[in-house]
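Engineer: Below is the structure I would like to discuss, written out as structure tokens.
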Amino acid sequence: AQSVTQLGSHVSVSEGALVLLRCNYSSSVPPYLFWYVQYPNQGLQLLLKYTSAATLVKGINGFEAEFKKSETSFHLTKPSAHMSDAAEYFCAVTPSSNTGKLIFGQGTTLQVKP
Amino acid sequence: DTEVTQTPKHLVMGMTNKKSLKCEQHMGHRAMYWYKQKAKKPPELMFVYSYEKLSINESVPSRFSPECPNSSLLNLHLHALQPEDSALYLCASSLLDSSTDTQYFGPGTRLTVL
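Protein sequence lines, in the order shown, are assigned to chains A and B. The numbering used here puts the first residue of the first sequence at 1040, with every later residue one more than the last. The numbering used here puts the first residue of the second sequence at 4, with every later residue one more than the last.
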């Protein structure tokens, strides 16, 4: 069964610093990977998705993620954190059979300090 | 436009009440989903409708009853809920056209059961 592990339930960075949120997946077949962001009291917003077209995926709000098959990772980065980036971030994978199920990691809370 | 709308935004109900949550999308998506999300946790899938037919029921208690009147609307009927059912209820939709099918989420309904 596929699963997603997000390393670090809480990440704190200073404004202007690099943001790195870690996501590892377990899959015996090529996965389809997503990053979602959830601001307080809101729904989930799609940041970016990996569709096998390119290993480096650019998303909204300056975020990007790199798919590394050898490391089974899909880490999310942003060169310079803004206060508005403070939110909950979820990595998710969907089975290649596309059953409609989206398997989420446990989430990482990003805190941005002034 | 990738908008999914949900009403109401907030709902408070007693354990003997009957209420309904509504979800709507006008993106021509063929799959619609209900999720339950507790604080600081990832969303948990409850139901999936594909082409207006229930395709996945994740062993949800019968006090939750989904309904898909047409391809744009999804309801969740609530009856005799328990306080532990208090949560954020998220609706999502997707095109269901490929293995990289992307789910788009609504803002959620914050439900409190007294």
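Yeah, the Cβ is synthetic: ideal placement off N, Cα and C, and Gly gets one too.
With a threshold of 7 Å on Cβ separation, who are the neighbours of GLN1145 (chain A) within its own chain once the five nearest residues in sequence on each side are excluded?
Structural biologist: As a position in the first sequence, residue 1145 (chain A) is number 106, starting the count at 1. Answer for GLN1145 (chain A): GLN1045 and SER1048, listed in chain order.
Engineer: Counting pairs of Cβ atoms below 8 Å between the stretch 1106 to 1122 of chain A and the stretch 1057 to 1076 of chain A, do you hit three or more?
Structural biologist: At 8 Å Cβ cutoff, the stretches touch.
Engineer: Using a C-beta cutoff of 8 Å, does LEU48 (chain B) count as contacting chain A?
Structural biologist: The sequence position of residue 48 (chain B) within the second sequence is 45, counting from 1. Cβ-Cβ to chain A under 8 Å: yes for LEU48 (chain B).
Engineer: Helix, strand or coil for MET18 (chain B) per DSSP?
Structural biologist: Against the second sequence, residue 18 (chain B) aligns to sequence position 15. Looking at MET18 (chain B) - three-state DSSP - the assignment turns out to be coil, as it is neither helix nor strand.
Engineer: Identify the contact partners of LEU1085 (chain A) in chain C, using a Cβ-Cβ distance below 7 Å as the criterion.
Structural biologist: Checking the listed chains, one finds no chain C in this structure; the protein chains it contains are A and B.
Engineer: For THR1148 (chain A), tell me which candidate among A:GLN1077, A:ILE1142, A:SER1042 and A:THR1094 has the shortest Cα-Cα distance.
Structural biologist: Counting from 1 along the first sequence, the entry for residue 1148 (chain A) is found at position 109. Looking at the Cα atoms, A:GLN1077 is the closest of the given residues.
Engineer: List the endpoints of the continuous beta strand (DSSP E) containing CYS1130 (chain A).
Structural biologist: In the first sequence, residue 1130 (chain A) corresponds to position 91, counting from 1. From DSSP, the beta strand (DSSP E) with CYS1130 (chain A) extends over 1126 to 1133.
Engineer: Nearest-angstrom Cα distance between THR1111 (chain A) and ASN1063 (chain A)?
Structural biologist: Taking the first residue of the first sequence as 1, we reach residue 1111 (chain A) at position 72. Taking the first residue of the first sequence as 1, we reach residue 1063 (chain A) at position 24. When rounded, the distance between both Cα atoms is 6 Å.
Engineer: At a Cβ threshold of 8 Å, is PHE1106 (chain A) touching chain B?
Structural biologist: Along the first sequence, read from residue 1 onward, the residue named residue 1106 (chain A) stands at position 67. Closer than 8 Å: no.
Engineer: Could you say which of B:VAL116, B:TYR52 and B:MET16 lies nearest to LYS76 (chain B) if we only look at CA atoms?
Structural biologist: As a first step, residue 76 (chain B) is located in the second sequence; it is residue number 73 there, counting from the start. Note that residue 76 (chain B) corresponds to Leu in the displayed sequence, not to Lys. Comparing Cα positions, the closest option is B:TYR52.
Engineer: Roughly how many angstroms lie between the CA atoms of GLU1125 (chain A) and GLN1150 (chain A), to the nearest whole one?
Structural biologist: Residue mapping note: residue 1125 (chain A) aligns to position 86 of the first sequence, counting from 1. Residue mapping note: residue 1150 (chain A) aligns to position 111 of the first sequence, counting from 1. Position check: residue 1125 (chain A) holds Ala in this sequence, whereas Glu was assumed. Taking the straight line joining both Cα atoms gives about 5 Å.
Engineer: As a quick exercise: from B:GLU47, B:SER97, B:LEU117 and B:SER62, pick the residue whose alpha carbon is nearest that of TYR54 (chain B).
Structural biologist: Against the second sequence, residue 54 (chain B) aligns to sequence position 51. Cα-wise, what sits closest to TYR54 (chain B) is B:SER97.
Engineer: From A:ILE1142, A:GLY1082, A:LEU1115 and A:PRO1153, pick the residue whose C-alpha is nearest to that of CYS26 (chain B); which is it?
Structural biologist: Within the second sequence, the letter at position 23 stands for residue 26 (chain B). The candidate whose alpha carbon is nearest that of CYS26 (chain B) is A:GLY1082.
Engineer: What does TYR1075 (chain A) pair with, by DSSP beta-bridge criteria?
Structural biologist: On the first sequence, position 36 is the one that residue 1075 (chain A) refers to. DSSP, once it has assigned bridges, lists A:LEU1085 and A:PHE1129 as partnering TYR1075 (chain A).
Engineer: Whole angstroms are fine: how far does the CA of TYR1071 (chain A) sit from the CA of LEU79 (chain B)?
Structural biologist: Here residue 79 (chain B) corresponds to residue number 76 of the second sequence, with the count starting at 1. Here residue 1071 (chain A) corresponds to residue number 32 of the first sequence, with the count starting at 1. Distance between the alpha carbons of LEU79 (chain B) and TYR1071 (chain A): 29 Å.
Engineer: Of the choices A:PRO1153, A:LYS1152 and A:PHE1143, whose alpha-carbon is the least far from that of LYS44 (chain B)?
Structural biologist: Indexing the second sequence from 1 puts residue 44 (chain B) at position 41. Minimum Cα distance to LYS44 (chain B) is reached at A:PHE1143.
Engineer: Decide if LEU24 (chain B) is buried, meaning its Cβ has at least 16 other Cβ atoms within 10 Å, or exposed.
Structural biologist: The residue given as residue 24 (chain B) occupies position 21 in the second sequence. Looking at its Cβ environment, which holds 16 or more other Cβ atoms inside 10 Å, LEU24 (chain B) is buried.
Engineer: So which residues on chain A does SER75 (chain B) lean against when the C-beta distance must stay under 8 Å?
Structural biologist: Here residue 75 (chain B) corresponds to residue number 72 of the second sequence, with the count starting at 1. Result: empty, since nearest Cβ-Cβ is about 18 Å, beyond 8 Å.
Engineer: State the Cα-Cα distance for the pair VAL1050 (chain A) and GLY1139 (chain A), rounded to the nearest angstrom.
Structural biologist: For the purposes of this step, residue 1050 (chain A) is identified with residue 11 of the first sequence, where counting begins at 1. For the purposes of this step, residue 1139 (chain A) is identified with residue 100 of the first sequence, where counting begins at 1. Taking the straight line joining both Cα atoms gives about 30 Å.
Engineer: I'd like to know whether the C-beta atoms of VAL116 (chain B) and MET49 (chain B) end up nearer to each other than 8 Å.
Structural biologist: Locating residue 116 (chain B) in the second sequence gives position 113, counting from the first residue. Locating residue 49 (chain B) in the second sequence gives position 46, counting from the first residue. Contact flag unset, no.
Engineer: Taking the beta carbon of MET35 (chain B) as the centre, do at least 16 other beta carbons fall within 10 Å, making it buried, or is it exposed?
Structural biologist: By 1-based counting over the second sequence, the position of residue 35 (chain B) is 32. Buried.
Engineer: By how many angstroms is the C-alpha of GLU1105 (chain A) removed from the C-alpha of PHE1113 (chain A)?
Structural biologist: Counting from one through the first sequence, the residue named residue 1113 (chain A) turns up at place 74. Counting from one through the first sequence, the residue named residue 1105 (chain A) turns up at place 66. If you take the alpha carbons of PHE1113 (chain A) and GLU1105 (chain A), they lie about 5 Å apart.
Engineer: Helix, strand or coil for MET1122 (chain A) per DSSP?
Structural biologist: For the purposes of this step, residue 1122 (chain A) is taken as the residue at position 83 of the first sequence. Looking at MET1122 (chain A) - three-state DSSP - the assignment turns out to be helix.
Engineer: Using alpha carbons as the reference points, say which of B:TYR92, B:GLN106, B:LYS41 and B:LEU81 lies closest to THR112 (chain B).
Structural biologist: What you label residue 112 (chain B) is simply residue 109 of the second sequence in a count that begins at 1. Per the Cα distances, B:TYR92.
Engineer: Taking Cβ positions only, does GLN1041 (chain A) come closer than 8 Å to chain B?
Structural biologist: As a first step, residue 1041 (chain A) must be located in the first sequence, where it is residue number 2. It does not; no Cβ of chain B falls within 8 Å.
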